[in-house]
Amino acid sequence: MTTSTAKWRFTKGLHDLGNGLHAYLVPDGSWGWSNAGLISDSGESLLVDTLFDLPMTSEMLASMRDAVPAAKRIGALVNTHGNGDHTFGNQLLEGSRIIASNGCVEDMKHRPPEQYAGWQKDWPNMGMAGKFWQEVIGSRFDFSGIRLTLPTETFDHRMDLKVGDKEVQLIEVGPAHTRGDVLVYVPQDRTVFTGDIMFVGAHPAIWTGPVSNWIAACDRMLEWDVETIVPGHGPITDKDGVREFRDYLVYLLAESRRCLEAGMSFEQAVDAISMDRWANWGEDERLCVNVYACYREISGGALPAPNVMDMLALMGKRHFARKQHACGHDHCDGNH
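Residues in the sequence shown are numbered from 1 upward in steps of one, following the UniProt record's numbering.
Here it is as structure tokens:
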């Protein structure tokens with residue numbers, strides 16, 4: 001455990017980072033349970049990300065308003081990327097500036113909330129993909145009443161903002177996790193809100209890649225004078241957490257290359273690559289999508305973009321097999 005992870009408790013709710021910065025954490029950090037941030041200064045405030053549904057986002061905003069006078073009216077929202085667990089609460093901030101990369105907007109349009117609401121009704125007809133999705137996402141969140149609320153301002157590469165007298169840098173490091181990942185860096189407070197460029201204590205999901213872009217994003221954070229790193233999922237960390245995460249990505253890319261050169265399919269590689277060093281990390285079913293991303297990068301894009309339903313089905317098979325193994329017999333639903 002790093003010093004910073006030990007310093008911050010991974011408990012649900014608002015955590016005061018000092019100097020007008022707050023993290024809003026949602027344990028356990030697995031599928032859909034994401035973090036957000038609040039930056040305030042001189043009566044102005046900026047929210048970093050919303051949550052996966054309206055009740056959760058509403059609860060978060062109420063706790064921010066209670067604790068931080070500047071959050072009574074949030075002037076701006078930054079979406080770090082286009083996944084629903086960081087954007088589906090946007091409609092509760094209508095009227096504020098909503099800022100994101102152009103890649104983030106593309107992703108938001110590609111997988112709107114109506115699709116999730118549809119899956120929530122239709123999952124029994126969606127095979128293994130539906131069963132898995134319902135278990136890890138559909139059963140946890142309420143996708144009713146969510147309207148796609150797109151950013152009002154977009155950028156590529158970089159955008160600099162002021163929140164009161166505080167300088168905030170929005171640095172686009174995607175495509176990596178998604179098409180348009182953005183780091184929210186507050187230099188004077190030595191803090192970065194990473195969105196899903198950082199998962200702590202869990203396998204990431206490399207939906208887009210290339211993995212080398214993601215490694216470069218880690219290198220960039222390691223070059224900065226940063227002390228506090230708020231990930232998209234999991235507990236608050238520091239540069240040690242970034243180094244550990246970077247090691248994972250470098251190792252996975254190298255091992256995938258070795259497996260590909262040995263003639264293995266990506267499914268065979270998922271089983272062949274030893275993950276002993278990260279055995280305590282959650283969501284190891286994401287290795288399916290991660291190794292696929294590595295294969296895609298190594299082969300120079302010869303593989304198509306991953307089919308989400310196929311990937312959900314592969315991850316589901318791995319997830320349910322692991323639960324069954326943990327139970328020790330075949331007829332276990334894994335719930336005890």
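For every residue, glycine included, the Cβ atom is placed at its ideal position computed from N, Cα and C.
These figures come from a predicted structure and were not determined experimentally.
Residue i to residue j span [Cα, whole Å]
i: A321; j: F193; result: 35 Å
i: R147; j: S40; result: 27 Å
i: E261; j: E267; result: 14 Å
i: D333; j: V168; result: At D333, the pLDDT of 49 sits below 50, so the modelled position is not reliable; the number obtained from the coordinates is stated separately. If you take the alpha carbons of D333 and V168, they lie about 47 Å apart.
i: G95; j: K109; result: 20 Å
i: Q324; j: T237; result: 32 Å
i: E44; j: L252; result: 42 Å
i: I298; j: R257; result: 7 Å
i: M221; j: G145; result: 37 Å
i: L14; j: V163; result: 19 Å
i: D189; j: V48; result: 15 Å
i: residue 338; j: I171; result: Examination of residue 338 is not possible in this model, given that the chain is present from 1 through 336 alone.
i: S139; j: G282; result: 18 Å
i: G316; j: M56; result: 26 Å
i: C327; j: Q134; result: 20 Å
i: A70; j: D271; result: 50 Å
i: S101; j: S212; result: 20 Å
i: T3; j: E244; result: Low per-residue confidence applies at T3: pLDDT is 41, beneath 50, and the placement is therefore not dependable enough to give any value.
i: D111; j: P210; result: Contrary to the premise, residue 111 reads as Arg rather than Asp in this sequence. C-alpha separation (whole angstroms): 20 Å.
i: A279; j: R246; result: 16 Å
i: R73; j: G127; result: 44 Å
Expected contact under 8 Å - CB spacing of residue i and residue j to nearest Å
i: G103; j: T178; result: 7 Å
i: V186; j: W31; result: In fact, because the Cβ distance is near 28 Å, the residues do not count as touching under 8 Å.
i: D181; j: G195; result: 6 Å
i: L54; j: T228; result: No, L54 and T228 are not in contact; Cβ-Cβ is about 29 Å, not under 8 Å.
i: Y292; j: P306; result: 5 Å
Short Cβ contact (8 Å threshold) for residue i with residue j
i: A217; j: I197; result: yes
i: S34; j: D107; result: no
i: H319; j: F132; result: yes
i: P175; j: T154; result: no
i: A313; j: A76; result: no
i: V242; j: T191; result: no
i: G29; j: V230; result: no
i: L46; j: V78; result: yes
i: residue 348; j: P113; result: Because the chain is modelled from 1 through 336, residue 348 falls outside the range shown and cannot be assessed.
i: N290; j: H233; result: no
i: V184; j: L150; result: no
i: M311; j: C294; result: no
i: L249; j: W214; result: yes
i: F52; j: P235; result: no
i: S42; j: D165; result: yes
Fill in: Whole alpha helix (DSSP H) elements within the segment 95–180, 4-residue minimum
102–110, 113–122 and 127–133
Discussion item. So within the segment 25–99, which uninterrupted alpha helix (DSSP H) runs reach at least 4 residues, ignoring any that extend past its ends?
Written reply: 54–67
Worksheet item: Counting pairs of Cβ atoms below 8 Å between the segment 47–63 and the segment 87–94, do you hit three or more?
Response: yes
Item to complete: Tell me the start and end of each unbroken alpha helix (DSSP H) in the segment 223–271 that is at least 4 residues and wholly inside, in chain order.
Response: 239–261
Item to complete: Give, in chain order, every unbroken run of the alpha helix (DSSP H) that is at least 4 residues long and sits entirely within the segment 294–323.
Response: none
Practice prompt. Go through the segment 181–215 residue by residue and report every complete run of the beta strand (DSSP E) that reaches 3 residues or more, in order.
Written response: 182–186 and 191–193
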